[in-house]
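Data first, discussion second: the structure below is written as structure tokens.
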Amino acid sequence: MARIISILSRPRLHALLVVLAVSAAELLIADRKYGVFSGGFGQSSAVDTSGEIAAFGIGFVCAQIAVAALGWRLAVWLSKRSGGPVQIVNFAFLYGGLSLIALTLQYQLHSYFSDALSFALLKQLGGGSTTDALLFAKNEIALGLAAFAAYCLAWWVTIKLARRFLGDMQPAPRNYPGWKWIGVAWVALFAAIVVIPQISSDGAKGLGRILAWKSVSATLAKATDFDGDGYGLAGFHTDSHPFDSSRHPLALDIPGNGIDEDGYGGDLTLVPIPQMLPETTVDGDKPHVVVVVYESTRFDVLGKTLDGKPVAPNLEAVAAQGSAITPAYSHVGFTTQSLKSIFAGSLIVPPGSPSLFRELKKSGYGIGVFSGQPEDFGGISEAVGMRENADSFVDAENLKEERAFSFAAQGSLLVDEQIILREFGKALGNTDDWEQPQFVYLNFQSPHFPYHHDGVPERFAKPPVERSEISAENRERVVQTYWNAVAHTDDALGSVIERLKAVGAWDNTILLVTGDHGEALFENGFLGHGHVINRLQYGTFLVSNRTIEGVEGPIAISDYRRILHRLLGSTVPEQASFAPFMHIGPLDEPTAIGTVGPALGVISLRFDRGEACFEKPAGCKDYSTLGGAERDAMDALIARWGSERWAAAQ
């Protein structure tokens, strides 16, 4: 008993051990996951020089001491003058336990979606709906809440036991450190947050991976946002004009006024950008038009084999008959805006824009929509006039009772291809149905995360990976499961072609098959789409059973409308070729922007870190250090972004 009392008589020593344990765990995770010290593929920097290590170390120690000191005082207050053992229990759960939970949640979330994930991106997953974004992850949220409830219960039980058996063994120590020393620690942390990004960019980027630093830095940035423009005197992006709300990072740059409002690329000089095709009707011969969208399907689907067998033989057969363009790039890497761009032919689709649905309806076409997702999700149907012009409209909302999953989020509704084919057959299954020219849109959803449901046969994945098993450690099974789902969708394409032949419509049909965006399968540590601008996440394909002439790649999915009108023989104004423009997050406040060209491949600029990334050669650099062709390419990208943004604002 005396030994126990001796051990428990040093609560501050135990508090220090808790801080050291949490700090060591966070440093190990930061390097393993993000390469903070060791660097790695796609990492623009590492904390690996003596100056960077010193800056990082100072910032890290300041952050841990300031947060831990405040945590200790809160633990003392919660203990209500109980003995030292109770204070240690409170501190261990309050600071140590919550820190480790936050680290674990961050690691797990980033193991699915990468550290590019933000709430803005979660809203995009929810088609712009915060509610749907939360419902999308409701299973994980429910599990997390249950785990947190269990954690709180364990904390409460441990406190009860400590008070009952150990509370009287050692009186409570004096309240140390005092508020004066806590104030000193926080002033030191604030100073470090302001100064370190100015003297060590790599050190600041490394500290941006540390929870305490990141949280306090974000809070301080908001507190010093004097002009209400969203930027303050802390963080990687500081507001160099703190009392001028028109000048800050990502401000709308007014062209030709001699002022660089956004701090990138100098004063904006407008450059040519693609113009939306005016409303165009079809005259003369009116062949049927069928557009098939493979959800989340990468550009390398063509030629992809597993176990010596092609994944998409029907798609390849169509390409052999007509044309294939790969990759074709999504602008945003997400479904809702991608579908709007496909049918309206522009980066931004204002309400009432010209679209294939509106144009072909006016040209005398029957309109059929058969989709495995809800087409009202994210305002798709409203933007392109889908529902208002459709003669047959069937989507996952109509077929909610036959959905593959029980998820409540609208964006998580998924109906299997065979059910969509059934509805297609009901509406347009007879030869007589095709006497009028038809425009049919079919959307097949199986390749969407989590890549498997009970309706998908096991062609290449035996057995398919379950959602709960999806992780980087199971990458090979995830890859097989994904391509297995793509094969299921491709089989549905084969059924569509067979039915067109059966009703005598095939020879008079223009078929376009595409994906809405790509998908990363843990390449470079990423899973999913729309989180990092690169060929895998943004690149998809365009395949047609007709020869597509006069198109020089690379193309964007917003080029499809113009391409289809040319195949239909419509009179289409000539337009110069434009490199695809890509972005993450809203066009006004993107996390990153990107484009693609022959010399450097896919390039992108991440505003949240000031990183300029290149595909050729692969790697990232600080934007401020660029020169030569790389600087010219980035400044041209910034001018393109500014011009697109300026046009959208008019």
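692 is the number that my numbering gives to position 12 of the sequence shown; each next residue is one higher, with no gaps. The beta carbon of each residue, even a glycine, is placed where N, CA and C say it ideally should be.
Proximity to D1196 [Cα-Cα], best of C832, D1239, G1109 and N937: One-based indexing of the sequence shown puts residue 1196 at position 516. Closest option to D1196, Cα to Cα, is D1239.
The region 1318-1328 / the region 913-923 touching (three or more Cβ pairs under 8 Å): no
Where F1206 falls, given that 16 or more other Cβ within 10 Å makes a residue buried: Here residue 1206 refers to the residue found at position 526 when the sequence shown is read from its first residue. Per the 10 Å Cβ criterion, buried.
Between the CA atoms of T1275 and I1264 - distance to the nearest angstrom: In the sequence shown, counting from the first residue as 1, residue 1264 sits at position 584. In the sequence shown, counting from the first residue as 1, residue 1275 sits at position 595. Rounded to whole angstroms, the separation of the alpha carbons of T1275 and I1264 is 12 Å.
Y831, DSSP secondary structure in three states: Counting from 1 along the sequence shown, the entry for residue 831 is found at position 151. Helix at Y831.
Local Cβ density within 10 Å of V727, reported as buried at 16 or more and exposed below that: To locate residue 727, count along the sequence shown from 1; it is residue 47. With 16 or more Cβ atoms within 10 Å of its Cβ, V727 is classed as buried.
Contact set for R1290: own chain, Cβ-Cβ below 8 Å, skip 5 residues either direction: The sequence position of residue 1290 within the sequence shown is 610, counting from 1. The sequence given here places Gly at residue 1290; Arg does not occur at that position. Once the five neighbours on either side are set aside, the close Cβ partners of G1290 are S881, F916, H917, D1302, Y1303 and S1304.
Nonlocal neighbours in the same chain, by C-beta distance under 7 Å from D942, ignoring five residues either side: Translated into the one-based positions of the sequence shown, residue 942 becomes position 262. Excluding residues within five positions, the ones whose Cβ falls inside 7 Å are P929, L930, A931 and D933.
K1042 burial status per 10 Å Cβ neighbour count (16 or more: buried): The residue labelled residue 1042 in the question sits at position 362 within the sequence shown. Answer is exposed; the Cβ neighbour count stays below 16.
Where the beta strand (DSSP E) through K1301 begins and ends: Numbered from its first residue, the sequence shown carries residue 1301 at position 621. It spans G1299 to D1302 - the beta strand (DSSP E) in which K1301 sits, taken as one unbroken run.
Interface flag, P967 vs chain C, CB-CB below 8 Å: This model lacks chain C altogether, as it is built from one protein chain only.
Per-residue DSSP class, three states only, for R1083: On the sequence shown, residue 1083 is found 403 positions in, with the first residue counted as 1. Residue state, collapsed to three classes: coil.
Anticipated Cβ contact below 8 Å, M956 with S1021, distance rounded: If you number the sequence shown from 1, residue 956 lands on position 276. If you number the sequence shown from 1, residue 1021 lands on position 341. 11 Å between Cβ atoms; not a contact.
Within 8 Å, strictly: CB atoms of S1051 and A1024: Within the sequence shown, the letter at position 371 stands for residue 1051. Within the sequence shown, the letter at position 344 stands for residue 1024. Result no, Cβ atoms of S1051 and A1024 do not sit closer than 8 Å.
Beta carbon of T1194 nearer than 8 Å to that of V981: Taking the sequence shown and counting its residues from 1, one reaches residue 1194 at position 514. Taking the sequence shown and counting its residues from 1, one reaches residue 981 at position 301. No, the pair does not count as a contact, with Cβ atoms beyond the cut-off.
Contacting residues, own chain, Cβ-Cβ under 7 Å from I687 (five flanking each side not counted): By one-based count along the sequence shown, residue 687 stands at place 7. With a pLDDT of 46 at I687, under the threshold of 50, the predicted position of this residue should be treated as unreliable, though the coordinate-derived value follows. Same-chain partners within the cutoff: there are none.
Three-way DSSP call (helix, strand, coil) for Y911 in this model: In the sequence shown, counting from the first residue as 1, residue 911 sits at position 231. Note: Y911 maps to coil in three-state DSSP.
8 Å Cβ cutoff met for H968 and A1182: Numbered from its first residue, the sequence shown carries residue 968 at position 288. Numbered from its first residue, the sequence shown carries residue 1182 at position 502. Taking the C-beta atoms as reference points, A1182 is found no nearer than 8 Å to H968.
Whole-Å CB distance - Q1160 paired with A1141, under 8 Å assumed: Position 480 of the sequence shown, counting from 1, holds the residue named residue 1160. Position 461 of the sequence shown, counting from 1, holds the residue named residue 1141. Sure, about 4 Å apart at Cβ, within 8 Å.
Residue span of the beta strand (DSSP E) that contains H1263, given as start and end: Position 583 of the sequence shown holds residue 1263. Start and end: F1261 to I1264.
Residue interval of the beta strand (DSSP E) (run including Y1240): Indexing the sequence shown from 1 puts residue 1240 at position 560. Unbroken run through Y1240 is the alpha helix (DSSP H), Y1240 to L1247; no beta strand (DSSP E).
Per DSSP, the bridge partner or partners of Y944: For the purposes of this step, residue 944 is taken as residue 264 along the sequence shown, with counting starting at 1. Bridge partners of Y944: none, in fact.
Simplified DSSP assignment, three categories, for G731: Walking along the sequence shown from the start, residue 731 turns up at place 51. G731 falls in the helix class under three-state DSSP.
Three-state secondary structure (DSSP) of T899: Locating residue 899 in the sequence shown gives position 219, where the first residue counts as 1. Of the three classes helix, strand and coil, the one that applies to T899 here is helix, per DSSP.
Neighbour-count burial assignment, F721, 16 or more Cβ in a 10 Å radius: Here residue 721 corresponds to residue number 41 of the sequence shown, with the count starting at 1. In this predicted model, F721 has a pLDDT of only 44, less than 50, meaning its place in the structure is not dependable; the value taken from the coordinates is given anyway. It counts as exposed.
C-beta contact flag for L1306 and A1329 at 8 Å: Taking the first residue of the sequence shown as position 1, residue 1306 is located at position 626. Taking the first residue of the sequence shown as position 1, residue 1329 is located at position 649. Not in contact: L1306 and A1329 (Cβ atoms no closer than 8 Å).
Residues that R1286 bridges to, as DSSP identifies them: Residue 1286 sits at position 606 when you count from the first residue of the sequence shown. Paired residues: A1272 and E1291.
Reference D907, options L913, G1308, A892 and F923, closest by Cα: Here residue 907 is taken as the residue at index 227 of the sequence shown, counted from 1. It is F923.
6 Å Cβ shell around V1120 - same chain, five flanking residues per side excluded: Reading the sequence shown from its first residue, position 440 is the one you call residue 1120. The residues are V970 and G1048.
Buried or exposed (CB count within 10 angstroms, at least 16 for buried), A1084: One-based indexing of the sequence shown puts residue 1084 at position 404. By the neighbour-count rule (16 or more Cβ atoms within 10 Å), A1084 is buried.
Separation of S1072 from P1031, as counted between CA atoms: Along the sequence shown, one-based indexing puts residue 1031 at 351. Along the sequence shown, one-based indexing puts residue 1072 at 392. If you take the alpha carbons of P1031 and S1072, they lie about 22 Å apart.
Residue environment, C832, which counts as buried when at least 16 other CB atoms sit within 10 Å: By one-based count along the sequence shown, residue 832 stands at place 152. By the neighbour-count rule (16 or more Cβ atoms within 10 Å), C832 is not buried but exposed.
Alpha-carbon spacing of C1300 relative to I876, whole angstroms: Position 620 of the sequence shown, counted from the start, is the residue given in the question as residue 1300. Position 196 of the sequence shown, counted from the start, is the residue given in the question as residue 876. Taking the Cα positions, C1300 is about 21 Å away from I876.
Short Cβ contact (8 Å threshold) for R1226 with G1059: Taking the sequence shown and counting its residues from 1, the one referred to as residue 1226 is at position 546. Taking the sequence shown and counting its residues from 1, the one referred to as residue 1059 is at position 379. Going by C-beta atoms, R1226 is not nearer than 8 Å to G1059.
Where the beta strand (DSSP E) containing S1072 begins and where it ends: The residue labelled residue 1072 in the question sits at position 392 within the sequence shown. Taken as a continuous stretch (DSSP letters only), the beta strand (DSSP E) holding S1072 covers S1072 to V1074.
Extent of the continuous alpha helix (DSSP H) run through I1022: As a position in the sequence shown, residue 1022 is number 342, starting the count at 1. Element bounds for I1022: T1015 to A1024.
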